[in-house]
Amino acid sequence: MSHPHHQTSKAMVAACALRQGTALAVCLARDKSSWYFRSDH
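Here it is, written out as structure tokens:
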């Protein structure tokens with residue numbers, strides 16, 4: 382599945398996954414805070 386000579390694309394995939402993970406975390410945090418503020422009121 383993973384080829385050792387495809388290091389560049391591996392790094393790209395890793396960077397993309399990290400980026401998406403960060404975006405997801407931010408999205409979740411925002412969702413959580415908005416839900417928290419909603420239940421606070």
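So in this note's numbering, spot 20 of the sequence shown is number 401, and the numbers just go up one at a time.
Just so you know, even glycine gets a beta-carbon here, dropped at the ideal spot from N, CA and C.
Which value, in whole angstroms, describes the spacing of the CA atoms of Val-407 and Gln-401? Position 26 of the sequence shown, counting from 1, holds the residue named residue 407. Position 20 of the sequence shown, counting from 1, holds the residue named residue 401. Going by the C-alpha atoms only, they are around 10 Å apart.
With 7 Å as the threshold, decide whether the Cβ of Lys-391 is near any Cβ in chain C. No chain C is present in this structure, which holds just one protein chain.
Nearest-angstrom Cα distance between Ser-390 and Lys-413? As a working note, residue 390 is residue 9 in the sequence shown. As a working note, residue 413 is residue 32 in the sequence shown. If you take the alpha carbons of Ser-390 and Lys-413, they lie about 34 Å apart.
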